[in-house]
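Respectively, the protein sequence lines represent chains A and B. The first sequence begins at 1190 in the numbering used here and counts up by one. The second sequence begins at 1190 in the numbering used here and counts up by one. We put the beta carbon where it would ideally sit given N, CA and C, even for glycine. Predicted model only: the values in this text are computed from it and were never measured. Worksheet for the structure shown next.
Protein chains: 2
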Amino acid sequence: MEEKKVLITGGLGFIGSNLARRLVHDGAKVTVVDSLIPEYGGNPRNLHDIKDQVAINFSDVRDPFSMNQLVQGQDYLFNLAGQTSHLDSMENPFTDLDINAKAQLSILEACRKHNPEIRIVFASTRQIYGKPQYLPVDEKHPSHPVDINGVNKMAGEWYHIVYNDVYGIPASVLRLTNTYGPRMRIKDARQTFLGVWIRNLLEGKPIHVFGDGRQRRDYNYVDDVVDAFLLAATRPEAEGKIFNLGAPEPLTLEDTAKLMCELIEGANYEKIPFPEDRKAIDVGDFVCNYKAFQSAFGWEPKVDFRQGISKSVEYFRNDLSHYI
Amino acid sequence: MEEKKVLITGGLGFIGSNLARRLVHDGAKVTVVDSLIPEYGGNPRNLHDIKDQVAINFSDVRDPFSMNQLVQGQDYLFNLAGQTSHLDSMENPFTDLDINAKAQLSILEACRKHNPEIRIVFASTRQIYGKPQYLPVDEKHPSHPVDINGVNKMAGEWYHIVYNDVYGIPASVLRLTNTYGPRMRIKDARQTFLGVWIRNLLEGKPIHVFGDGRQRRDYNYVDDVVDAFLLAATRPEAEGKIFNLGAPEPLTLEDTAKLMCELIEGANYEKIPFPEDRKAIDVGDFVCNYKAFQSAFGWEPKVDFRQGISKSVEYFRNDLSHYI
Chain A
1190 MEEKKVLITG GLGFIGSNLA RRLVHDGAKV TVVDSLIPEY GGNPRNLHDI
1240 KDQVAINFSD VRDPFSMNQL VQGQDYLFNL AGQTSHLDSM ENPFTDLDIN
1290 AKAQLSILEA CRKHNPEIRI VFASTRQIYG KPQYLPVDEK HPSHPVDING
1340 VNKMAGEWYH IVYNDVYGIP ASVLRLTNTY GPRMRIKDAR QTFLGVWIRN
1390 LLEGKPIHVF GDGRQRRDYN YVDDVVDAFL LAATRPEAEG KIFNLGAPEP
1440 LTLEDTAKLM CELIEGANYE KIPFPEDRKA IDVGDFVCNY KAFQSAFGWE
1490 PKVDFRQGIS KSVEYFRNDL SHYI
Chain B
1190 MEEKKVLITG GLGFIGSNLA RRLVHDGAKV TVVDSLIPEY GGNPRNLHDI
1240 KDQVAINFSD VRDPFSMNQL VQGQDYLFNL AGQTSHLDSM ENPFTDLDIN
1290 AKAQLSILEA CRKHNPEIRI VFASTRQIYG KPQYLPVDEK HPSHPVDING
1340 VNKMAGEWYH IVYNDVYGIP ASVLRLTNTY GPRMRIKDAR QTFLGVWIRN
1390 LLEGKPIHVF GDGRQRRDYN YVDDVVDAFL LAATRPEAEG KIFNLGAPEP
1440 LTLEDTAKLM CELIEGANYE KIPFPEDRKA IDVGDFVCNY KAFQSAFGWE
1490 PKVDFRQGIS KSVEYFRNDL SHYI
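Encoded structure:
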C-alpha cells in the first residue's frame, strides 16, 4: 500500500481507525471521512497520535457533494461508515436507510462519475442472514434479515455488487461478525455487546448476560479484520465477491463473560431476562463459516479471544476517559 | 371480500386495476392510490367504467402524510405501487430507491402507527434472484440482484417481513414473474417486453427479439395473478412468507414472438442484437418454481399463454388509443 491513496469512510470509527493506522504505517496516503455523530463509532481519540499523518475530512456520507470531491484521485475506498445499532434501526428506520442504503448508492454514484477505477471494499454484516437455518453459516445461506439494519445493509452490499457487475467498478464485500478490539465504542452496546461489557468490567460493574447465556457467538479481533480488508482490496479474485469473516472457536455468551471476568480481579456477571425489544430481533446461536475467504486468500484469524480481549481491556484501561 | 375495506397502492396500474375490478365485483369497498406518474403503469382508463364504484385517491406512496390517512380503517392493503423499469433504475437509482424501498418503509410505518391489524400483500419480483444458478428458481435460490431495481425491491419485500416478524403486522410477499394482460402498459418496455410487443403487433410493426431468442421466460396472465393476491391475503398460513408465482410452460423469446405473430395476419418479428444497456442487466433463461405456493394454497395458472395473449391483444385492439 506504499504511496497509495486511500479513502476510508467511517475512518475515525473503530475498524476504520485501526485500518487507517495500519495503512499509515505501511506508507499509504490516507484520508478519513467521518461525521462524528455522537451515537456512532467515530472518536477523534482513535487517531489523535497520528493526526498529522492523515487527512481528516469531517463530512457525512449522506452528503453527495463532499463524496463527489473525496473519491477523486483515490486508489482505494474502504467503505466502512454505517449505522450499526440494530435497536436504533428499529426506532429510526429512515435514518438507518439513509446511511446504510441511500448513502452507499450515492458513494457509488460518486465513484461512477468521478473515479470508476477506484477499488472498493464494503463492510457488511452477518446480520443479513438473520436466524441461522444451519451452522456455521456460509455465504450460500439464505438472507433473512430480522431487523431494518439487516435489510439496509443487505441493500448497501448489493449496490456495490451491481456497480461492480454493471459498471466494472471493482468492489468486494466482507460480511463481518462480532468485531472487537482497541478503539471500539464501549459507551454502550451499539457496536456489539462486547463494547459495553468491557466498559462494565473496567468500571467494576457486573456484565449483563441476556437469557440463559447459551447462545454461541464468534468474535474477530480487529487486527485480523484489518488484514482481511487489505487482502480483499488487493486481490483481483475478490472483485464482485461477498465473503464472510469468522473465527475458529465460537463461545457461548456465558463462557465469553466468564473468560472476560477472569481478566479482572473481582469482576462478575449476572444473567438477566432478555429485554423485549432485543428479544424480538435476536438471532440465537450464530457462527460464521469463513472457509471461502480462508481458502481463497489464506486468511486466518491470528489472535484468539483470550489474547484479544486482554489487549482490548488493557487499551481501554489506559485511556478510559476518552471512551466513556 | 364482501364489505371488506381494501386499499390498493398502484391501483390505477396494470395489476392493481385488475385486482380492484375483481374486488369491486366481489363486493369489497375499494380505495385505489395512484400518482399517475407518466412513466409508470397508472392509467385512468383502467377503471374508467367503474370509477363510481371505487374511491380514487391521487397521491404518491413517497408522501407519508397521505399514507398515514389512507391506511386507517382498511382491512387489507395490496401494496403494488412501484417503479418497475430495470433500465430506469440504472439511470435514476435514487428515484427507484425512494419508491421501491423508502416509500415501502414509510407505508409500513403508517400501518404500524395507525392500523397494525391491516393484512398486507406486497408485490415483489423474480428480478431479485438475478441470473439463475439453477432452473426452475425456487424461493431458496440465493438472491443476487443484477440491477438497482432488484436491490430496492429486495429491500422493500424484507421490510414487510421484518414488520410482520417484529411488530406482528401480517404481511405476505409474492415474487412475480412476467405478468401480462389487459390494462398493462404497452407504450414501451417498462412493464416487461410483452407490453411493447403487443403495441408493435397492433401497429403493424415487427416485434424485436434481442439476441438469439433462445432465452426462456415464464408468463402469468393477470387474472391468475389476481387469484394469487386474493389467496395470499386471506390465508393465515401465508403470513410472514415469500412465494414465487410462475407458469407451467415456459417459452423461448423466439417461440413467444412466433406465437404472438400467429394472432395477427401479416405480423412478423426480427432478431436484433442486444442493446448494450439491456445486455448488462439481462438474466438469461428464467423460469420460476411456484410449487410452494401451489401446494400450500392449490393455486395453479388457469389461462395458458396462447389464450391469455389472444385476450390481451383483443382488449388493446378495442381500446388502443388510451394506451399508446
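Considering just the uninterrupted stretch of the beta strand (DSSP E) at residue i, what are its terminal residues?
i, result
"B/Asp1223", "1218-1223"
"B/Glu1459", "1458-1461"
"A/Leu1196", "1194-1198"
"A/Val1185", "This structure cannot speak to residue 1185 of chain A, because chain A is shown only from 1190 to 1513."
"B/Asn1246", "1244-1247"
"A/Val1398", "1396-1399"
According to the Cβ coordinates, are residue i and residue j closer than 8 angstroms?
i, j, result
"B/Ile1358", "B/Ile1296", "no"
"B/Val1492", "B/Asp1401", "no"
"A/Asn1207", "A/Gly1370", "yes"
"B/Phe1432", "B/Phe1482", "yes"
"B/Ser1499", "B/Leu1442", "no"
"B/Asn1257", "B/Asn1289", "no"
"A/Val1195", "A/Phe1311", "no"
"A/Val1213", "A/Ile1197", "no"
"A/Asp1422", "A/Tyr1265", "For the sequence presented, residue 1422 of chain A should be read as Ala rather than Asp. Yes; because the gap between Cβ atoms is below 8 angstroms, this pair is in contact."
"B/Pro1321", "B/Asp1474", "yes"
"B/Ile1513", "B/Ile1375", "yes"
"A/Ala1292", "A/Ser1361", "no"
"B/Asn1478", "B/Gly1435", "yes"
"B/Pro1490", "B/Pro1437", "yes"
"B/Phe1486", "B/Leu1420", "yes"
Closest to residue i by C-alpha separation, out of the options, would be which residue?
i, options, result
"A/Phe1254", "A/His1275, A/His1303, A/Arg1210", "A/His1303"
"A/Asp1223", "A/Gly1199, A/Asp1215, A/Gly1216, A/Thr1441", "A/Gly1199"
"A/Glu1298", "A/Cys1450, A/Tyr1352, A/Asn1246", "A/Tyr1352"
"A/Arg1405", "A/Pro1305, A/Met1279, A/Asn1367, A/Lys1194", "A/Asn1367"
"B/His1397", "B/Met1449, B/Ala1360, B/Asp1416", "B/Met1449"
"A/Ala1209", "A/Pro1233, A/Glu1280, A/Lys1460, A/Arg1467", "A/Pro1233"
"B/Val1476", "B/Trp1347, B/Arg1364, B/Tyr1229, B/Asp1287", "B/Arg1364"
"A/Asp1407", "A/Leu1383, A/Leu1391, A/Lys1394", "A/Leu1383"
"B/Leu1294", "A/Leu1294, A/Phe1283, A/Lys1291, A/Asp1249", "A/Phe1283"
"A/Ser1313", "A/Pro1321, A/Leu1324, A/Lys1342", "A/Lys1342"
"B/Ser1332", "B/Ala1292, B/Thr1445, B/Val1340, B/Tyr1318", "B/Tyr1318"
"B/Arg1379", "B/Leu1259, B/Ile1226, B/Glu1192", "B/Ile1226"
"A/Glu1459", "A/Glu1503, A/Gln1263, A/Val1472, A/Thr1445", "A/Thr1445"
"A/Asp1515", "B/Gly1216, B/Leu1324, B/Val1472, B/Asn1235", "Limits of chain A in this structure are 1190 at one end and 1513 at the other, which puts residue 1515 of chain A out of reach."
"A/Pro1425", "A/Glu1191, A/Phe1494, A/Ile1307, A/Asp1238", "A/Ile1307"
Use the C-beta contact count for residue i: other C-beta atoms within 10 angstroms, 16 or more gives buried, fewer gives exposed.
i, result
"A/Arg1315", "buried"
"B/Gln1496", "exposed"
"B/Ser1510", "exposed"
"A/Lys1218", "buried"
"A/Asp1336", "buried"
"A/Arg1403", "exposed"
"B/Ser1484", "exposed"
"A/Phe1505", "buried"
"B/Asn1507", "exposed"
"B/Phe1515", "Outside the shown range of chain B, which is 1190 to 1513, sits residue 1515 of chain B, and nothing can be said about it."
Tell me the rounded alpha-carbon separation between residue i and residue j.
i, j, result
"A/Glu1328", "B/Leu1440", "32 angstroms"
"B/Met1373", "B/Phe1203", "4 angstroms"
"A/Val1385", "A/Gly1455", "18 angstroms"
"B/Gly1205", "B/Ser1274", "17 angstroms"
"B/Val1414", "B/Trp1488", "10 angstroms"
"A/Asp1466", "A/Asp1277", "11 angstroms"
"A/Gln1272", "B/Gly1231", "36 angstroms"
"B/Leu1390", "B/Leu1269", "28 angstroms"
"B/Cys1300", "A/Met1279", "15 angstroms"
"A/Gln1263", "B/Ser1501", "53 angstroms"
"B/Lys1240", "B/Leu1201", "11 angstroms"
"A/Val1340", "A/Asp1285", "10 angstroms"
"A/Val1243", "A/Leu1259", "14 angstroms"
"B/Asp1215", "B/Leu1236", "16 angstroms"
"B/Ala1469", "B/Leu1324", "21 angstroms"
Assuming residue i is part of the alpha helix (DSSP H), what are its boundary residues?
i, result
"A/Leu1297", "1292-1303"
"A/Ser1501", "1494-1507"
"B/Leu1442", "1442-1451"
"B/Asn1257", "1253-1259"
"B/Val1310", "Looking at the DSSP string, B/Val1310 is not in any alpha helix (DSSP H); the run it does join, the beta strand (DSSP E), is 1308-1314."
"A/Arg1364", "A/Arg1364 -> not in any alpha helix (DSSP H); beta strand (DSSP E) instead, spanning 1360-1365."
"A/Ile1337", "1337-1356"
"B/Leu1419", "1411-1423"
- [ ] Anything in the stretch 1346-1366 of chain A with a Cβ closer than 7 angstroms to a Cβ of chain C? List those residues in chain order, please.
- [x] Given the protein chain composition of this structure (A and B), no chain C is represented.
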